[in-house]
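Chemist: Counting from 1, position 109 in the first sequence corresponds to residue 141 in this note's numbering; the numbering is continuous, with no gaps. Handing you a structure now.
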Amino acid sequence: MSQYQAVKGTRDIFPEEAARWKYIEGVVHTLASLYGFSEIRTPVFEYTELFQRGIGSTTDIVGKEMFTFQPDVKGRSLTLRPEMTAGVMRAALQSNLLSSAPVHKLYYIGELFRKERPQAGRQRQFSQFGAELLGVSSPAAVAEVITLMMQVFESLGLHGLKLRINSLGDTEDRLRYREALQAYFTPFHDILDEASKERLEKNPLRILDSKNPALQELIAGAPRLYDYLNEVSVQDFEKVLFYLAERNIAYEIDYRLVRGLDYYCNTAFEVTSSELGAQDAIGGGGRYDGLARELGSGSDVPASGFAVGMERLLITMEKQGLFAALDAQGPDVYIVVQQVDLADHGLQIACRLRKAGIKTEIDLAARSMKAQMREANRIKASYALFIGMAEYSAGLYSLKNLATSEQTTLPLDAVVQLLLAPAEKEQLNS
RNA sequence: GUGAUUGUAGCUCAGUUGGUUAGAGCGCCAGGUUGUGGCCCUGGAGGCCGGGGGUUCGAGUCCCCUCAUUCACCCCA
Numbered sequence: 033m034s035q036y037q038a039v040k041g042t043r044d045i046f047p048e049e050a051a052r053w054k055y056i057e058g059v060v061h062t063l064a065s066l067y068g069f070s071e072i073r074t075p076v077f078e079y080t081e082l083f084q085r086g087i088g089s090t091t092d093i094v095g096k097e098m099f100t101f102q103p104d105v106k107g108r109s110l111t112l113r114p115e116m117t118a119g120v121m122r123a124a125l126q127s128n129l130l131s132s133a134p135v136h137k138l139y140y141i142g143e144l145f146r147k148e149r150p151q152a153g154r155q156r157q158f159s160q161f162g163a164e165l166l167g168v169s170s171p172a173a174v175a176e177v178i179t180l181m182m183q184v185f186e187s188l189g190l191h192g193l194k195l196r197i198n199s200l201g202d203t204e205d206r207l208r209y210r211e212a213l214q215a216y217f218t219p220f221h222d223i224l225d226e227a228s229k230e231r232l233e234k235n236p237l238r239i240l241d242s243k244n245p246a247l248q249e250l251i252a253g254a255p256r257l258y259d260y261l262n263e264v265s266v267q268d269f270e271k272v273l274f275y276l277a278e279r280n281i282a283y284e285i286d287y288r289l290v291r292g293l294d295y296y297c298n299t300a301f302e303v304t305s306s307e308l309g310a311q312d313a314i315g316g317g318g319r320y321d322g323l324a325r326e327l328g329s330g331s332d333v334p335a336s337g338f339a340v341g342m343e344r345l346l347i348t349m350e351k352q353g354l355f356a357a358l359d360a361q362g363p364d365v366y367i368v369v370q371q372v373d374l375a376d377h378g379l380q381i382a383c384r385l386r387k388a389g390i391k392t393e394i395d396l397a398a399r400s401m402k403a404q405m406r407e408a409n410r411i412k413a414s415y416a417l418f419i420g421m422a423e424y425s426a427g428l429y430s431l432k433n434l435a436t437s438e439q440t441t442l443p444l445d446a447v448v449q450l451l452l453a454p455a456e457k458e459q460l461n462s
C-alpha cells in the first residue's frame, strides 16, 4: 500500500482499459458525425449559479452533490460540472449560436463530478458522452437523438438493454398533474418516508421514482401523468413513438418514469442494463425546452438530448464479453535477436518496420531469447522476427507466425510485404 | 449523508481455542532447452498481515480508534 492513493471515487485507467475507452470514443465520434452532430468541448467548471439555475435547486445534484469551491476571496463560487447540458446550453446562449443558424446539433464526451458515495457503477469523477439538438421542437428531434444513442449501443454490440420512455407533458400539464398528485398523496402523509414528504411539497413527481418497497403499492395507485396531458402533448408523444417503431427501436412506455433533473419536459427516456446492479441506468435524456429561459434567454429554446455513462457502458460491455477481439490485439511483430551483438541491428530493423507502418516491438533490455519470446507471447504479437548470426550474414530474417508456429526465412522486403498484407485487409474491412 | 461489508505477496484468497522463521494458486524472474513462446517440471524473488493504541509472557488472530475498500439506501449516467 503506497502512501498516496487516488481520491475517493476516482480511479486510474491503465493501458488495456484505455484501449477500450478509445474504441468506444471512436464509435461515438463516427456515429455522431454520421448523424450530423459536431463536437463541442466546454470547461469542466462553471459558475455555481449556472447549475443552480439550470439543473434546479430542488435536485439532489445541486442540493448535496456538487464540488463547489471559491478560487479566492473576491472570486465567484465555482463548481465542477455535475452534468453537461447546462454548460452546453450556456455556451450556445453566450455565443448566440442560434442566431447564426436556427438548428445546432452538438455532441460531447467529457468528465463529470458528483460528490456521492461511490458504489458499483457510480464514481465521483465519471464520464459521459451525449448529444444535444437545439432549435427544433418537432418530435423528430427527440427521435433523432434517441436513434443516435441506440445506434451507438447497437454498433458496440450490446444486447438486452431496455429503453423506457414517457411524456412529462408541457408546463401546464405538469402543473395540473402536480396538484393531482399532491391531492392523492397528502392523505397518506404519515406513511411517506422523509424524502418523499419533502418532495410532496417541492417536487411531487419525484415520489414516483422512489424505490422504497413500502411505498410501491401506494405509488402504483397514483394518478397517471399521461392522463393529464393535453392534446398537443399526446400527439407529440405519439409521434415520437411512431418514429421509434418505424425504426425498429424497441421501447416500453413507463408512465412512472420521471427524470431527476428539473428541466425536462415532454419526452423523457432512460436506458437500463440488467448487467449493472443497483445503478442500472446506462443512459437517459429527453426534451428540455425551458432550460434556456432558466438561464436568462428571453424565451424557451426547443432542445432534446441524451447522455450515456461511459463507466456503466464499459461495465456492461465487459459483462457481455464485447472486448474479446480488442483485448486480443497485439503488435504485428516482435523482433527477437539471438545475441547482444545483434541488438543494434534489431533496433534498425524495428525502425524500418515501423516506418513501413508495421506495429513492431523489441526488447530494449538485452534479455535472453527465451525471455524475448515469452514477452512476444505475453503481448500477443502476431509474428516473431528472428535475427540470428546465420540470417544476418545472409541478409535474411526468420519470420514465425506465433499462432500457427510456421516459420519461413526471407529477405526484409518480403517480410515487410507479408506483415503489411493483413493490416491492409483490416483497413479495407473497417 | 445513512447502513452493512472487507482490509494478509502484483492478483484471488487460506491462516485451526491468541503460541516459534506467515502459506497456497495464479502472475513475475530464472533454469530444464547456451537459435525459439504458449504446455510440463524445478528453483527464486516478493509481505512493518491497512495505520495507531490497548490487553497479554506472547497478537495476522482479542478490544478501541482511525484510514481505506466494496455493496446497498438516497439519487443518478
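Backbone N, C-alpha and C fix where the C-beta goes; we use that ideal spot for every residue, glycine too. A quick note: this is a predicted structure, and the numbers were derived from the prediction, not measured.
Count the other C-beta atoms from every protein chain shown that fall within 10 angstroms of the C-beta of Glu176, then say buried if there are 16 or more, exposed otherwise.
Modeler: Buried.
Chemist: In whole angstroms, what separates the C-alpha of Leu195 from that of His61?
Modeler: When rounded, the distance between both Cα atoms is 22 Å.
Chemist: Since I believe Arg85 is in contact with Glu326 (beta carbons under 8 Å), could you give me their beta-carbon distance rounded to a whole number of angstroms?
Modeler: With a Cβ gap of about 5 Å, Glu326 and Arg85 count as contacting.
Chemist: Apart from the five residues on each side of it in sequence, which residues of its chain come closer than 6 Å, Cβ to Cβ, to Ser169?
Modeler: Answer for Ser169: Pro334, listed in chain order.
Chemist: Please determine, among Phe145, Ala339, Leu193 and Gly389, the residue with the shortest C-alpha to C-alpha distance to Thr111.
Modeler: Per the Cα distances, Phe145.
Chemist: Can you give me the Cβ contacts of Asp321 inside the same chain, cut-off strictly under 8 Å, excluding the 5 residues immediately before and after it?
Modeler: Around Asp321: Ser169, Cys297, Asn298, Asp332, Val333, Pro334 and Ala335.
Chemist: If you draw a straight line from the alpha carbon of Leu200 to that of Asn235, how long is it in whole angstroms?
Modeler: Those two C-alpha atoms are separated by around 13 Å.
Chemist: If contacts are defined as beta-carbon pairs under 8 Å, then Phe418 and Val368 qualify, I think. What distance do you get, rounded to the angstrom?
Modeler: Right, the Cβ-Cβ distance comes to about 5 Å (below 8 Å), so this counts as a contact.
Chemist: Can you give the Cα-Cα distance for Ser89 and Gln352, rounded to whole angstroms?
Modeler: So the two alpha carbons sit approximately 38 Å from each other.
Chemist: Taking C-beta to C-beta, are Ile45 and Leu138 nearer than 8 Å?
Modeler: For Ile45 and Leu138, no; Cβs fall outside 8 Å.
Chemist: So is Val94 buried or exposed if we call it buried at 16+ other beta carbons inside 10 Å?
Modeler: Its Cβ being crowded by 16 or more others within 10 Å, Val94 is buried.
Chemist: Using only the alpha-carbon positions, how far apart do Pro150 and Gly41 sit?
Modeler: Cα-Cα distance, rounded: 5 Å.
Chemist: Excluding the 5 residues flanking Met98 on each side, which residues of the same chain have their C-beta closer than 7 Å to its C-beta?
Modeler: Phe83, Thr111, Pro114 and Lys147, listed in sequence order.
Chemist: Under 8 Å, do Leu193 and Ile56 count as touching if we go by C-beta distance?
Modeler: Not closer than 8 Å, so no.
Chemist: Can you give me the Cβ contacts of Leu129 inside the same chain, cut-off strictly under 6 Å, excluding the 5 residues immediately before and after it?
Modeler: Closer than 6 Å at Cβ, skipping near neighbours: His136.
Chemist: Taking only the alpha-carbon atoms, compute the straight-line gap between Thr218 and Lys243 and give it to the nearest angstrom.
Modeler: The straight-line gap from Cα to Cα measures roughly 19 Å.
Chemist: From Asp445 to Leu396, what does the alpha carbon distance come to, in whole angstroms?
Modeler: Near 24 Å, if we compare the C-alpha coordinates of Leu396 and Asp445.
Chemist: Return the CA-CA distance between Ala38 and Asn409, expressed in angstroms with no decimal places.
Modeler: Those two C-alpha atoms are separated by around 32 Å.
Chemist: Excluding five sequence neighbours on each side, which residues of the same chain lie with their C-beta closer than 6 Å to the C-beta of Arg43?
Modeler: Nothing listed; no residue qualifies.
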